Amino acid sequence: MSSNRRSPEALLRRVRSAGPRGLTAAASRRTTEPLRARARAWRLSRNPLTVGGDELRRALGGLELADALRGSALRALPTVAAFERSLDGLDDDSRRDLLGRADAIVAHRYDLLGSGPTDLGEEIDWSADFLHGYRWPMKHSRLLPANVPGADVKMPWELSRCQHLPLLSAAFRVSGEEIYLDELGAQLTSWIEANPVEFGVNWICTMDVAIRAANWVAALVIAAPEAAARPWAERVAGSLLLHGRFIRANPEWAPIRSNHYLSDVVGLLVVSALFAAGQEGRGWHEWATGELLAEMEHEVREDGCSHEASIPYHRLVTELFLCGTQVVESTGAALPPSYSERLELMLDFVAAYTRPDGLAPQVGDNDDGRFLPLDDYARADPRSHLHLFRQAGRTPPPAPGSTAFPRGGYYVLRAGEIFLFVRCGDTGLGGQGGHAHNDQLSFELCHRGEALVEDPGAYRYAPDARLRKLFRSTSFHATLLPDGEEQNPIPEPPRFPFGDRTRAEAIEWSPDAPRPSFVGRHHGFEHLQEPVEYQRHFELDPTASRLTIVDRVAGTASHRLEWTFPLAPSHGIAAGEGRADVEFAATRMAIQAPEVDFEVVEGLYSPRYGARESRPFLCGRARSTPGEQTFRFEIQLSDRVEGGV
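Residue 75 is where the sequence shown starts when you use this note's numbering, and the numbers rise one by one after that.
Take a look at the structure:
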């Protein structure tokens with residue numbers, strides 16, 4: 075049967091034959107890329123990517139699947155091995171907790187990214203944002219938009235990372251109940267059937283392909299050898315081979331790279347460990363090892379900070395490097411000392427920024443991203459990063475003293491019973507600032523292990539553009555806001571890039587003085603028609619349990635000034651002219667600032683991606699005069715007395 079319709083290949087050849095005449099290079103790319111995708115989709119619809127038995131055996135180097143899983147794959151994942159050892163020693167309460175979480179997975183009941191426990195029904199729809207009621211169509215992934223108004227693509231991506239599957243394997247290992255192994259096979263088979271390679275929302279982002287593959291490998295390792303003997307095991311192993319090929323063919327490389335590309339590399343390393351006896355797996359391992367070394371130089375600064383200007387993303391990047399390192403070292407290879415030293419600095423940074431309550435400041439974006447959460451899935455507080463030390467095979471070190479990370483732009487002051495975390499640096503990613511917030515010269519404050527002033531977090535990236543911008547805004551951080559102006563322009567969601575108009579810089583760092591101090595400034599308000607220069611001085615007096623903040627504001631005109639203090643949960647607040655008093659669970663915080671009027675406004679706080687709660691913000695207001703002016707905040711900390719504010 076003939077047709078006058080041209081095939082996608084014919085259309086593509088026609089565009090190519092036209093040459094550059096009449097087309098700019100950009101227009102040509104815009105035209106040919108969809109045609110290439112349509113041509114690819116047309117071919118794959120007729121010849122889907124599959125792996126036959128002989129091809130899989132060659133990829134496994136002749137090994138039985140169970141031997142590859144319990145051999146090279148397990149050796150490459152010491153975190154999984156440690157998890158298995160912990161399963162063998164569970165007490166009754168821990169066993170019940172594990173089986174309860176696994177039972178929820180068997181029932182297809184998930185709590186993802188703020189959804190609350192949700193029943194997904196008998197058949198899981200892997201392509202749906204079940205929270206916002208949108209489903210991505212089954213088209214070639216290059217023809218699908220990730221961002222759709224009214225939906226959050228992270229919902230199907232997060233579900234399809236399959237980080238819940240190792241819990242099913244763990245439940246099977248602990249209980250011996252076949253229901254968990256059956257559900258593991260059913261979900262893997264369901265996912266493969268519903269997501270043909272390269273088709274659908276779950277093949278748009280290579281990072282998620284890589285994380286999914288790593289968690290499949292972990293789940294199979296824990297459930298082996300029994301899982302390897304199931305009829306579905308060969309199909310799953312073949313899909314893992316296709317996952318590896320997809321990652322290698324579609325890495326998210328760019329001149330300025332982030333956790334996405336690193337996830338691609340580390341995910342491929344994990345897959346290569348399963349196929350280590352085959353030529354293809356060895357090639358993947360060699361390539362990914364070189365990229366891992368290069369990414370340490372590219373993504374991590376000399377002081378051990380990730381270059382993405384986000385504490386939560388530093389956690390993810392550290393986990394990725396730890397896992398990648400362990401895969402490489404499992405082969406007996408030695409990594410260069412410079413690489414290992416920088417990885418140690420990454421852990422030093424984690425120890426430094428961890429607050430006395432064990433949680434991390436939520437500076438910058440936060441999507442709760444993990445690589446191999448294993449037993450942490452569905453129960454760990456994403457604000458705790460101490461699991462990184464467990465993954466590194468060590469106990470968390472004692473809290474260090476005051477520490478500066480000038481390349482990352484973070485300063486930690488510890489004196490007496492006061493913890494102060496200050497943000498003062500660039501917006502990351504070579505000035506692109508993908509995960510930065512308008513938080514320059516903001517701070518977090520703790521007293522005797524209790525949080526008092528803390529960053530509100532990030533909430534979610536979509537679909538609410540207003541809230542996305544609000545959580546990134548200057549007014550949502552403990553810093554100065556003149557005339558309602560932002561430190562840096564905030565792009566309209568879903569865009570992430572974030573400029574660096576602030577060009578924040580440290581002026582003075584005195585951690586060892588009797589009164590440790592830090593002075594910094596930024597230039598984010600010097601673009602105004604009537605420019606504002608801004609400098610901030612922090613000083614701790616451990617003997618008096620006092621923090622003093624002095625803000626210097628200079629300009630040729632009068633400006634309306636606002637200060638925000640996002641508060642931790644409190645028992646009472648009194649605010650007025652020149653003074654504010656806040657009663658926390660164990661601490662009383664009294665702020666005196668003679669020229670500032672205080673009031674309490676309604677704010678928001680996000681403890682994890684997709685979740686938010688009301689929190690009080692203490693807001694200070696004043697009017698500056700032309701010339702140079704200082705505003706002094708004396709913050710006195712003491713034990714709370716019942717019947718206070």
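Using N, Cα and C, we set each Cβ at its ideal position, and we do this for glycine too. Given the structure is predicted, the values throughout are model-derived calculations rather than measurements.
Exposure of residue i, with buried meaning 16 or more beta-carbon neighbours within 10 Å
i, result
"A525", "buried"
"D500", "buried"
"D282", "buried"
"A323", "exposed"
"T392", "buried"
"I581", "exposed"
"G475", "exposed"
"N289", "buried"
"S412", "exposed"
"P588", "exposed"
"E415", "exposed"
"V675", "exposed"
"E365", "buried"
"R714", "buried"
Secondary structure of residue i, DSSP reduced to three states
i, result
"L711", "strand"
"M663", "strand"
"Q703", "strand"
"I581", "strand"
"R95", "At R95 the pLDDT is 47, less than 50, meaning the model places this residue with poor confidence and gives no usable figure here."
"W327", "coil"
"V606", "coil"
"D128", "helix"
"T280", "helix"
"R209", "strand"
"A100", "At A100 the pLDDT is 49, less than 50, meaning the model places this residue with poor confidence and gives no usable figure here."
"P426", "The sequence shown places Ala at residue 426, not Pro. DSSP places A426 in helix when its eight states are reduced to three."
"A113", "helix"
"A587", "coil"
"M75", "Because the pLDDT of M75 is 40, which lies under 50, any placement of that residue in the model is unreliable, and the question is left without a value."
"R180", "First, the residue type needs correcting, since residue 180 is Val and not Arg in the sequence shown. It is helical."
Bridge partner(s) assigned by DSSP for residue i
i, result
"P643", "Answer is none; P643 lacks a bridge partner."
"Y533", "The partner list for Y533 (beta bridge, DSSP) is empty, contrary to what the question assumes."
"F550", "None; F550 has no bridge partner."
"S380", "V374"
"R653", "G650, Q666"
"R682", "A685"
"V496", "Y485, F517"
"W637", "L554, G694"
"H461", "The partner list for H461 (beta bridge, DSSP) is empty, contrary to what the question assumes."
"D615", "R620"
Selected residue, minimal CA-CA separation from residue i, among the options
i, options, result
"L602", "A631, R577, N333, P456", "A631"
"G190", "E196, L205, I564", "L205"
"S712", "D529, E657, P590, G652", "E657"
"T153", "V345, I296, P474", "I296"
"T405", "A351, D557, P474, R522", "A351"
"A478", "L186, D655, S584, G650", "S584"
"L151", "A202, S346, T638, R540", "S346"
"A473", "G502, G483, A425, P480", "A425"
"T428", "D449, L161, L462, A667", "L462"
"W116", "L217, W210, F157", "L217"
"P563", "P556, T576, A552", "T576"
"M370", "V437, D141, S332", "S332"
"A140", "L541, L258, A307", "A307"
"G145", "W265, P299, E257, P240", "P299"
"L123", "F639, R595, A142, H317", "H317"
"Q666", "G482, A649, Q400", "A649"
"V402", "L421, E360, V437, E669", "E360"
"R720", "L255, E196, A311, Y208", "With the chain covering only 75 through 719, there is no way to say anything about residue 720."
"R634", "A659, T699, T105", "T699"
"H238", "P219, L487, G207, G174", "G174"
"S201", "M212, D193, I709", "M212"
"V527", "Q506, P537, D455, F495", "F495"
Proximity test, Cβ basis, 8 Å: residue i and chain C
i, result
"G195", "In the structure shown, chain C cannot be found, because there is only a single protein chain."
Residue i CB to nearest heavy atom of the ligand MN below 7 Å
i, result
"C520", "Among the components of this structure there are no ligands whatsoever, and the ligand MN is therefore not found."
Would the region 543 to 552 and the region 496 to 515 be scored as touching if the rule is three or more Cβ pairs under 8 Å?
-> yes
Would you be able to state if there are at least three C-beta pairs under 8 Å between the region 530 to 541 and the region 667 to 681?
-> yes
Looking at C-beta atoms only, is the number of pairs between the region 685 to 693 and the region 604 to 618 that lie closer than 8 Å three or more?
-> no
Do the region 387 to 403 and the region 442 to 451 touch if we need at least three Cβ pairs shorter than 8 Å?
-> yes
Check whether the region 227 to 234 touches the region 272 to 292, counting contact only when three or more Cβ pairs, one atom from each stretch, lie closer than 8 Å.
-> yes
Could you say if the region 365 to 383 and the region 129 to 142 meet the contact criterion of at least three C-beta pairs nearer than 8 Å?
-> no
Can we say the region 331 to 349 touches the region 118 to 128, given the rule of at least three CB pairs closer than 8 Å?
-> no
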